[in-house]
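Novice: Residue numbers (the working numbering), protein chains in the order written: chain A, 161 to 516; chain B, 161 to 516; chain C, 161 to 516; chain D, 161 to 516.
For each residue, glycine too, the CB sits at the ideal point set by N, CA and C.
Okay, handing you the structure first.
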């Protein structure tokens, strides 16, 4: 049944397969009269391009975003915005060897089990290309929210064994890992080379922060802000865990350590990660996600074919070593989308200007 | 705006405040002709009763579940099932001292920021009593799923500093912490006494497992099974993190370690935690949640009152030391609800008996 | 699957069967800080009481509305409002003779076909008692909208053969038919007596008007205001047709007759019935519904029993002669609900005070 | 806020403006393994082409449907199906004279009031071109339902003053009005010529019938089958009224006339129009809609411009004289969509093959 839409007021529906004619997104609920052109979308899409980082494949993807509806004379009209990117240079033959196999760690087996039919070309719907629609929509959400002084960014906290020990936002853009610790970034480079040579792959941890989010966002008791962030982030292919604020560390803390004292100037600490009882508290929102290693590896693995016969598989071709850093902008996009949706849900209805 | 419903085909809506006349839930979408009576619901509700564990307050809650609709002659009719529990013996005077304060770690501040009005009696809507509706609905989902050979249980993996080192399912019910490691359970008892004496509180980690879940559940790309579990679990008051399978450990694994090899007999390991590409793979589903320490502590803390004046607050009264083990059945209930919803979403539409 | 909720931002879920313990409604999405007490709800509920008009049975229903959540110190809190009415004095024995029959014109056959099980007592879920939840919620919507200078009322345009020829709003309350034409009301009285004596029943036409609705309400292209009104009104048990403005008469008009000329003072006519392209135009909203005759009649009719054997049935007991005038307030309530939902959907997001 | 989606299990989202680059639809929830190619869609789209009937303009629209996702090797995959039609040969200059005017009977004024911005080219989003997405999706629903022996068709019951007096399904395709009465069709031709010469336009009544629909479809109490049909049909631009079965005639009938007697062979009459208590009863489903006359007429009309100054307007150019017969396939498409959605909602969950 339908599962390809996200959000209630700022609602997106993505469509498209990796090797089909195109991928895209419909955004329904974007307020009217917001300046929007393709360059804003393109610029966010460019951040998920392969070949930017040494973890990524050298494959060329010349993804051009086209806005096909919902914008008139450079402004949104309040009607659905459809953004499409054509799939060019697709070569499905590279996937032929695996069409009758279930690659470990991929959705091959479960898509077959669920639908009884499977577009095996490039991973079909389960491909990371599906996230193009998310990122394009995220760019629209970003446009809306930046006009309201909200900013969101993401960075790499951990890649394989290497974890950051310091944070400098400017450093992030000076290395191919979106890593805010220059020293860690150097170690990451060495780590990646080693793992690449071994035909293996890496996971890591991405952190996303949202600044300027007003207090009051989130809808108890199920559509809480942290619950929606958890869903949004966990819906990204490689994500296996989500935590807010102190997250899993909170499990080992005492109440007196974890509670953030409140002062007339605001919260004295931010173990909460910006939400209390599922509602934003005005502080920085902090989410962290665990990224599993890319399942496509050159090392041979046990699997079965579609006739349940045992097979060995080694996934050849130009595959990324890690979903990081390409996945970072996808995580960021999902947070833009959650905040945009809840910004409309809250500010629209309860804000000071409104009296019922 | 509305945020008090969860699920698409097995859909629940909870209502009620801690010190209002009652709390309850409407379940819309339960299939007809399922045997249901109040004892099933009551028995699951009894598992969240306070006073069962030494982490909990001795307060008496004689919560009696009443089914007020949707059941005829002991069978569900396919119409909405409303289950209600009256709030008895409520004494709001204990909360009077805090009515003009924002208790650290609680939703007092954010509810006020969001709604501009706040039922301060017993935490109002943000009280753990709201989870009564979730657990009652979980009991109905359990009834549906057990008839389909699905079983779900939860246990304590960590309480404060103490983590389990072994797992024996029978041991769980032989200690007040739902801890499957007898030795760890003893240490937990000591830990709790110590922290209680200090007027402080504890967090921990709860694990939930679902067995017998058929392959194919979960709706890409947003309503993936793991994404819905993440939302469901993160929507519980004290939860700050959710992970599936290897979870955050996956971040440090290589692809060759993390991928679960596939054999004709099934998956050779379960780092995936039972989902691939957001769809159940037929293996055991494993979710883990981080529980923050109870924010109500006797130790004095800095806060402000509703006039932004600095105040000191020490939360007196009989409060639990930890949300564990009472929260365990709530976590379990949410997983019953997610699986029931997706069971209907998948088995209804794509299962073998159906041809379109 | 779930079908018991209506509205997106002002969202209601009704529950309950005719002869179960109670019926009620959960309202999720009502803005906070609106004064609300049970008397407002009770007063709207009293308008659907039987025994008020000579078309109605003399049965006593002492329906008392109780608000069980969402209101604190006389004000809404923004959390779900649950309103319940207990079913008292129910005597299911009167329905025993029909429990194995399908009464013509009733939902007996279709409920059985759909669910395979049926609460035959008093019509179960398909009883008009279900509308208590709608009316109670309508009273809350009314409270919200009257504060915004919107008013809605309904009246009887036709009862059986008798149609009004004049309209005087004050006259409506001076006869038992909510008929705004005193002369027609007299004829209705005679008509009803005659039909009653014959053991038969009557249908009619109810008109609902909404005044003060600002331009801009309605969400193209599916959630248009007229489309939502059509659904809301057609979802009421006895309704077989819905029209807006000129309605079916528009089919025979020419464009030059039907188009409402626009002048600096507003629309010069109102064939549109207050909506253009599915969006309110600021003019009075006019909807009309066709009510079928009550299916429970004393005259013998052909039917079958649950074993498909032919039977004759004559429905005895104190039944209304017509759903009018009791259904009028239900129609009105549904319009209050649609307008409230779209008022929040529009005014919240696009109104002048808001800049994105 | 979002209003461009329809359906819960067979869910469509339309996008696109009349003179934008393209219009289209995303279908989410179509079951997998259904044979589908562009020719099926094209063939249904061709039925709404202008220039087919003498009521229509001679404008050439070479609309080519492209399926851009969700189909693999000629079969649906269970993932979203995106169908797009490019807007070719658009000439917005014809609309220049009206860009600062509100054309009577059109959505110009209300779109401006709602969104504060308006794509005036060809009616923008409120253009009948938006229905291309509906019809394309209707073709997919048709494919699904025909495999389950359901058939739906529509015909013209009334055009302007001319109403049918006989019904022959074969006759429908032998005249340009989709009129099943040959004699009436001739009169319609004369009527149209006359009205065309006068620069005026016509409305009418379209009837839609669904055959082979199993008993049990429709979800009380709000998503009743008749309620959903009412919404679906009223959401079409020119529709001002919807009735089911006897419809508005039911208002004047007695219970003994309106009730359909039940016999072992089925219902003896069909005043109900195929639904009882909002659930299909296995009989033919009959819906009728009132179509208003096309608002674009050559006759001069009073209006105002965007500065509220009085103006006269005469809409020149090649406009249809009536929405009939082009609107007929749109009405039919909406019924296919409603039945497909409820077929999945019911057959999926409650059908005989299923035991919970």
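1. Residue 492 (chain A): which of A:473, A:436, A:394 and A:506 sits nearest, CA to CA?
2. Expressed to the nearest angstrom, what Euclidean distance is found between the alpha-carbon atoms of residue 341 (chain D) and residue 347 (chain D)?
3. Could you check whether residue 241 (chain C) and residue 352 (chain C) sit closer than 9 Å to each other, using their CB atoms as the reference points?
4. Taking Cβ positions, are residue 375 (chain C) and residue 273 (chain D) nearer each other than 9 Å?
5. Does the segment 299 to 313 of chain A come into contact with the segment 248 to 266 of chain D, if we say contact requires no fewer than three beta-carbon pairs (one atom in each stretch) closer than 8 Å?
6. Out of C:365, C:246 and C:300, which one is the CA nearest neighbour of residue 486 (chain C)?
7. Can a CB atom of chain A be found closer than 9 Å to the CB of residue 168 (chain C)?
8. Going along the chain, which unbroken runs of the alpha helix (DSSP H) with 4 or more residues stay wholly within the segment 293 to 373 of chain D?
9. If the cut-off is 9 Å on Cβ atoms, which residues from the segment 278 to 306 of chain C count as contacting chain B, listed in chain order?
10. I'd like the span of the beta strand (DSSP E) that includes residue 391 (chain B), first residue to last.
11. Rounded to whole angstroms, what's the CA-CA distance from residue 478 (chain C) to residue 409 (chain C)? Just pull it up for me.
12. Short of 7 Å in beta carbon distance, which residues of its chain neighbour residue 490 (chain A), apart from the five on each side in sequence? Order them along the chain.
13. Pull the bridge partners of residue 226 (chain D) from the DSSP assignment, please.
14. If I measure Cβ to Cβ from residue 385 (chain B) and keep anything under 7 Å in the same chain, skipping five residues before and after, which residues do I get?
15. Verify the CB distance criterion: does residue 380 (chain D) have a CB-CB separation below 9 Å to chain B?
16. Which stretch, first to last residue, makes up the alpha helix (DSSP H) that contains residue 268 (chain B)?
17. From the beta carbon of residue 205 (chain A), is the nearest beta carbon of chain D less than 9 Å away?
18. My understanding is that residue 445 (chain A) touches residue 381 (chain A), with C-beta atoms under 8 Å, so please give their C-beta distance in whole angstroms.
19. With 16 as the cutoff for other CB atoms within 10 Å, does residue 325 (chain C) come out buried or exposed?
20. Tell me where the beta strand (DSSP E) around residue 184 (chain A) begins and ends.
21. Spell out whether any CB of chain B is found under 9 Å from the CB atom of residue 346 (chain A).
22. Are the C-beta of residue 430 (chain D) and some C-beta of chain C separated by less than 9 Å?
23. Within the same chain, show all residues whose beta-carbon is closer than 7 Å to that of residue 244 (chain A), passing over the 5 residues directly before and after it, in chain order.
24. Within this structure, are the beta carbons of residue 163 (chain C) and residue 188 (chain B) separated by less than 9 Å?
25. Put residue 512 (chain C) into one of helix, strand or coil per three-state DSSP.
26. Going along the segment 169 to 182 of chain A in order, which residues come within less than 9 Å of chain D, judged by CB to CB distance?
27. With C-beta atoms as the reference, is residue 176 (chain A) less than 9 Å away from residue 306 (chain A)?
28. For a quick check, are the C-beta atoms of residue 422 (chain C) and residue 269 (chain D) less than 9 Å apart?
29. Name the two residues that bound the continuous alpha helix (DSSP H) containing residue 442 (chain C).
30. Can you tell me whether residue 469 (chain A) is helix, strand or coil according to DSSP?
31. Spatial neighbours of residue 285 (chain A) within its chain, please: CB distance less than 6 Å, with the 5 preceding and 5 following residues excluded, ordered by chain position.
32. Within the 9 Å Cβ cut-off, does residue 258 (chain A) reach chain B?
33. Residue 164 (chain A) touches chain D at which residues, Cβ-Cβ below 7 Å?
34. From the beta carbon of residue 386 (chain A), is the nearest beta carbon of chain B less than 9 Å away?
35. Note down, in chain order, every chain C residue with its Cβ under 7 Å from the Cβ of residue 192 (chain B).
36. Compare the C-alpha of residue 425 (chain C) against each of D:414, D:463 and D:399 and name the closest.
Specialist: Based on what the coordinates show:
1. Against the first chain, residue 492 (chain A) aligns to sequence position 332. When each option's Cα is compared against that of residue 492 (chain A), the closest is A:394.
2. Position 181 of the fourth chain, counting from 1, holds the residue named residue 341 (chain D). Position 187 of the fourth chain, counting from 1, holds the residue named residue 347 (chain D). For residue 341 (chain D) and residue 347 (chain D), the distance between alpha carbons rounds to 10 Å.
3. Mapped onto the third chain, residue 352 (chain C) falls at position 192. Mapped onto the third chain, residue 241 (chain C) falls at position 81. Taking 9 Å as the Cβ cut-off, residue 352 (chain C) and residue 241 (chain C) do not qualify as a contacting pair.
4. Translated into the one-based positions of the third chain, residue 375 (chain C) becomes position 215. Translated into the one-based positions of the fourth chain, residue 273 (chain D) becomes position 113. Cβ distance < 9 Å, so residue 375 (chain C) and residue 273 (chain D) count as in contact.
5. Taking 8 Å as the limit for Cβ pairs, the verdict is that the segment 248 to 266 of chain D does not touch the segment 299 to 313 of chain A.
6. Your numbering for residue 486 (chain C) matches position 326 in the third chain. The shortest Cα separation from residue 486 (chain C) among C:365, C:246 and C:300 belongs to C:365.
7. Taking the third chain and counting its residues from 1, the one referred to as residue 168 (chain C) is at position 8. By this cut-off, residue 168 (chain C) is an interface position.
8. Secondary structure within the segment 293 to 373 of chain D: the alpha helix (DSSP H) runs of 4 or more consecutive residues, fully enclosed, are 342 to 357 (chain order).
9. Those residues of the segment 278 to 306 of chain C that come within reach of chain B (Cβ to Cβ, closer than 9 Å) are 278, 279, 280, 281, 284 and 285.
10. Residue mapping note: residue 391 (chain B) aligns to position 231 of the second chain, counting from 1. Where residue 391 (chain B) is concerned, there is no enclosing beta strand (DSSP E), although the alpha helix (DSSP H) around it starts and stops at 385 to 394.
11. On the third chain, position 318 is the one that residue 478 (chain C) refers to. On the third chain, position 249 is the one that residue 409 (chain C) refers to. Between the C-alpha atoms of residue 478 (chain C) and residue 409 (chain C) there is a straight-line separation of about 37 Å.
12. As a position in the first chain, residue 490 (chain A) is number 330, starting the count at 1. Excluding residues within five positions, the ones whose Cβ falls inside 7 Å are 208, 291, 294, 295 and 396.
13. For the purposes of this step, residue 226 (chain D) is taken as residue 66 along the fourth chain, with counting starting at 1. D:244, per the DSSP bridge assignment.
14. In the second chain, the residue the question calls residue 385 (chain B) occupies position 225. Leaving aside the five residues that flank residue 385 (chain B) on each side, the residues in its chain whose CB is nearer than 7 Å to its CB run, in chain order, 377, 378, 435, 438, 439, 440 and 502.
15. Here residue 380 (chain D) is taken as the residue at index 220 of the fourth chain, counted from 1. Output row for residue 380 (chain D): interface = yes.
16. In the second chain, counting from the first residue as 1, residue 268 (chain B) sits at position 108. Unbroken alpha helix (DSSP H) run through residue 268 (chain B): 268 to 275.
17. Here residue 205 (chain A) refers to the residue found at position 45 when the first chain is read from its first residue. For residue 205 (chain A), the answer is no, since every Cβ of chain D falls outside 9 Å of its Cβ.
18. By 1-based counting over the first chain, the position of residue 445 (chain A) is 285. By 1-based counting over the first chain, the position of residue 381 (chain A) is 221. Rounded to the nearest angstrom, the Cβ distance from residue 445 (chain A) to residue 381 (chain A) is 19 Å, too far for a contact under 8 Å.
19. As a first step, residue 325 (chain C) must be located in the third chain, where it is residue number 165. Exposed, since its Cβ has fewer than 16 Cβ neighbours within 10 Å.
20. What you label residue 184 (chain A) is simply residue 24 of the first chain in a count that begins at 1. From DSSP, the beta strand (DSSP E) with residue 184 (chain A) extends over 182 to 188.
21. Here residue 346 (chain A) refers to the residue found at position 186 when the first chain is read from its first residue. With a threshold of 9 Å between beta carbons, residue 346 (chain A) makes no contact with chain B.
22. Working through the fourth chain from its first residue, we reach residue 430 (chain D) at position 270. Taking Cβ atoms only, chain C never reaches closer than 9 Å to residue 430 (chain D), which makes this a no.
23. Here residue 244 (chain A) is taken as the residue at index 84 of the first chain, counted from 1. The beta carbon of residue 244 (chain A) is closer than 7 Å to those of 182, 184, 226 and 228 in its chain, skipping five residues each way along the sequence.
24. Taking the first residue of the third chain as position 1, residue 163 (chain C) is located at position 3. Taking the first residue of the second chain as position 1, residue 188 (chain B) is located at position 28. A contact, by the Cβ cut-off of 9 Å.
25. Position 352 of the third chain holds residue 512 (chain C). Low confidence applies here, because residue 512 (chain C) scores a pLDDT of 48, under 50, leaving its location unreliable; read the following figure in that light. If DSSP states are grouped into helix, strand and coil, residue 512 (chain C) belongs with coil.
26. Cβ contacts with chain D come from 169, 170, 171, 173, 174, 175, 176, 177, 180, 181 and 182.
27. On the first chain, position 16 is the one that residue 176 (chain A) refers to. On the first chain, position 146 is the one that residue 306 (chain A) refers to. Judged by beta-carbon spacing, residue 306 (chain A) lies beyond the 9 Å limit of residue 176 (chain A), meaning their Cβ atoms are not closer than that value.
28. As a working note, residue 422 (chain C) is residue 262 in the third chain. As a working note, residue 269 (chain D) is residue 109 in the fourth chain. Contact: yes.
29. Counted from its first residue, the third chain places residue 442 (chain C) at position 282. In the DSSP assignment, residue 442 (chain C) falls outside any alpha helix (DSSP H) and carries neither an H nor an E.
30. Numbered from its first residue, the first chain carries residue 469 (chain A) at position 309. Note: residue 469 (chain A) maps to coil in three-state DSSP.
31. Locating residue 285 (chain A) in the first chain gives position 125, counting from the first residue. Excluding residues within five positions, the ones whose Cβ falls inside 6 Å are 177.
32. Looking up residue 258 (chain A) in the first chain gives position 98. Answer no: the Cβ-Cβ gap between residue 258 (chain A) and chain B never drops below 9 Å.
33. Taking the first residue of the first chain as position 1, residue 164 (chain A) is located at position 4. For residue 164 (chain A), the residues of chain D that pass the 7 Å Cβ criterion are 188 and 240, in the order they occur in the chain.
34. The residue labelled residue 386 (chain A) in the question sits at position 226 within the first chain. Chain B, which has a Cβ nearer than 9 Å to the Cβ of residue 386 (chain A), makes this yes.
35. For the purposes of this step, residue 192 (chain B) is identified with residue 32 of the second chain, where counting begins at 1. Within chain C, the residues near residue 192 (chain B) are 275, 276 and 277.
36. Residue 425 (chain C) sits at position 265 when you count from the first residue of the third chain. Considering only alpha carbons, the answer is D:463.
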